[in-house]
Structures are given as C-alpha cells and as structure tokens.
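If you read the protein sequences in the order shown, they are chains A and B. Residues in the first sequence are numbered from 752 upward in steps of one, following the numbering used here. Residues in the second sequence are numbered from 197 upward in steps of one, following the numbering used here. Everything below concerns the one structure shown next.
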Amino acid sequence: GQQLNQSPQSMFIQEGEDVSMNCTSSSIFNTWLWYKQDPGEGPVLLIALYKAGELTSNGRLTAQFGITRKDSFLNISASIPSDVGIYFCAGHNGGSQGNLIFGKGTKLSVKP
Amino acid sequence: DTGVSQNPRHKITKRGQNVTFRCDPISEHNRLYWYRQTLGQGPEFLTYFQNEAQLEKSRLLSDRFSAERPKGSFSTLEIQRTEQGDSAMYLCASSRPAVGTGELFFGEGSRLTVL
C-alpha cells in the first residue's frame with residue numbers, strides 16, 4: 752500500500768531554533784496536510800495544502816506542497832516549549848475526503 | 197464547538213470479549229470517521245460515514261469490526277471476539293460539509309488494551 756516517509760523520526764532542539772521536517776512518497780498526492788499530536792490527545796490540524804507548489808503559513812509554521820506532488824515540508828520558526836509533540840504529515844489522493852494516509856511522525860523535543 | 201467526544205477513554209478487556217466505543221461528533225458536522233493508531237505509528241483509516249450512511253470501509257475493518265451511525269449523529273464502533281492485535285487507540289474524527297479534503301477534527305481517542 753501507499754506509504755509516507757517522514758524524516759527525521761525525532762529531534763531535539765534548543766528553544767528559539769528553527770525546525771525543519773519533511774515527508775516523501777513514491778505516489779502522487781492531491782492534498783498534503785500536517786497534524787500535531789500531544790500525548791493523550793488526538794491529532795490537531797496545523798496546515799492543509801491543496802496545490803502543487805503552494806506555500807502556506809500559520810503563525811510560526813510554514814509548509815509547502817512539493818512541485819512533484821510527492822513531498823511536503825514543514826518548518827517551525829523560533830521554537831518554544833509548547834511545540835513539543837509528534838508532527839504527522841498526511842496525504843490524500845482518492846476515496847472519501849477523510850481517507851488519509853499518515854506518516855509515522857516526527858517527534859519533537861525542545862530543550863528549555 | 198464543544199469538540200469530538202469519545203468514550204470510554206480507556207478499556208481493558210480479556211481476549212475474546214466484545215467491546216464498544218462511542219463517538220459524539222461536533223454537532224453541525226455531517227461526516228464522521230474512525231481511525232486506529234498503534235504505538236509509534238500514524239493513524240490508519242478504518243471507515244467513513246456521511247450522515248447515517250457508511251460510505252467507505254478500509255480492508256483493515258475485518259468482519260469482527262462493525263460501525264454504525266443510526267441517526268446520523270453519534271457513532272459506535274464494536275469489536276467482537278477481541279484479539280491482542282486489536283490493542284490500539286481508536287480515534288474518531290468529524291468534519292463539516294463542503295470543507296477542504298482532510299480537514300478533520302479528532303477526538304481524544306479510546307485506548308483499548310486486550311489481555
């Protein structure tokens with residue numbers, strides 16, 4: 752089946768640093784999304800991307816839909832302790848609007 | 197929005213028992229989804245309802261699993277004859293009509309442990 756490869760799997764950063772993570776696939780997706788999950792909670796949508804090449808920001812977060820439609824990246828600028836959590840990329844290319852393929856996540860830990 | 201509500205939050209059961217989880221979506225959301233998440237993995241799609249109609253089912257949804265949304269509001273997910281491999285977090289999500297693909301609101305999940 753389709754798989755999304757997220758990297759890195761985990762990262763430790765100093766507060767105030769910028770963070771970059773990405774997601775790749777061997778298949779084309781029509782939609783890319785980024786979700787964040789805190790311990791004991793469900794995922795929360797951060798950014799949705801609908802067009803190849805699209806660059807979208809949400810506060811300190813910026814994400815891009817790759818031109819090839821097979822990748823996406825998420826940047827977090829000036830990280831703060833509450834950025835800790837697991838970040839998931841998700842793609843959609845068919846089926847119902849909620850039938851998403853999720854990556855395995857990037858676990859972000861911030862040193863205060 | 198009061199958020200997507202799921203219960204129970206935790207369930208421990210013995211292998212072979214039946215379990216049922218309930219999901220109450222955000223009130224104006226007509227679309228409802230069930231996902232399963234195991235440790236260290238992302239959520240995996242199980243099934244989708246639009247109003248009371250179950251429109252899509254993943255091959256992950258074996259014949260021991262059944263989901264219903266009888267009046268187009270809350271939904272239940274039942275697992276019969278549970279197996280240890282069913283241990284996971286079961287997430288429910290909902291979305292509004294005419295919203296962008298994949299823009300889901302997730303509940304906090306129901307964690308199942310099968311002994």
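Here a beta-carbon is modelled for each residue, glycine too, at the ideal position from N, C-alpha and C.
Margin query: Between which two residues does the beta strand (DSSP E) holding residue 858 of chain A run?
Written below: 857–862
Next item on the list: State the start and end residues of the unbroken beta strand (DSSP E) segment that holds residue 807 of chain A.
Entry: 806–809
Next item on the list: List the residues of chain B that residue 810 of chain A touches, going by C-beta distances under 7 Å, in chain order.
Entry: Per Cβ cutoff of 7 Å: no residues; residue 810 of chain A is ~17 Å from chain B at best.
Check: Is the beta carbon of residue 842 of chain A sitting closer than 8 Å to the one on residue 776 of chain A?
Finding: yes
Notebook entry, point to check: With burial defined as no fewer than 16 other Cβ atoms inside 10 Å of the residue's Cβ, what is the status of residue 234 of chain B: buried or exposed?
Noted result: exposed
Check: Once you ignore the five residues that flank residue 853 of chain A on each side, which residues in its own chain have a CB closer than 6 Å to its CB?
Finding: 839, 841
Item checked: Three-way DSSP call (helix, strand, coil) for residue 281 of chain B in this model -> helix
Margin query: Quick check: what's the CA-CA separation for residue 276 of chain B versus residue 861 of chain A?
Written below: 42 Å
Notebook entry, point to check: Cα separation between residue 809 of chain A and residue 264 of chain B?
Noted result: 36 Å
Notebook entry, point to check: Which class does residue 833 of chain A belong to by DSSP, given the choice of helix, strand or coil?
Noted result: helix
Margin query: Quick check on DSSP: helix, strand or coil for residue 820 of chain A?
Written below: coil
Check: Span of the beta strand (DSSP E) holding residue 770 of chain A?
Finding: 770–776
Margin query: I'd like to know if residue 756 of chain A contacts chain B, where contact means its C-beta is closer than 8 Å to some C-beta of that chain.
Written below: no
Note to self: Quick check on the burial criterion: 16 or more other C-beta atoms within 10 angstroms. Buried or exposed for residue 795 of chain A?
What the structure shows: exposed
Next item on the list: Alpha carbon to alpha carbon, how far is residue 802 of chain A from residue 256 of chain B? Give it in angstroms, no decimals.
Entry: 30 Å
Margin query: Beta-carbon within less than 7 Å of residue 856 of chain A's beta-carbon, same chain only, minus the 5 sequence neighbours each way: which residues are those?
Written below: 757, 837, 838, 839
Next item on the list: Please list, in chain order, all residues of the same chain as residue 270 of chain B whose beta carbon is under 7 Å from its beta carbon, the five residues on each side excluded.
Entry: 218, 219, 220
Checklist line | Three-state secondary structure assigned by DSSP to residue 225 of chain B | finding: coil
Check: When you compare only the Cα positions, how much space is there between residue 781 of chain A and residue 788 of chain A?
Finding: 23 Å
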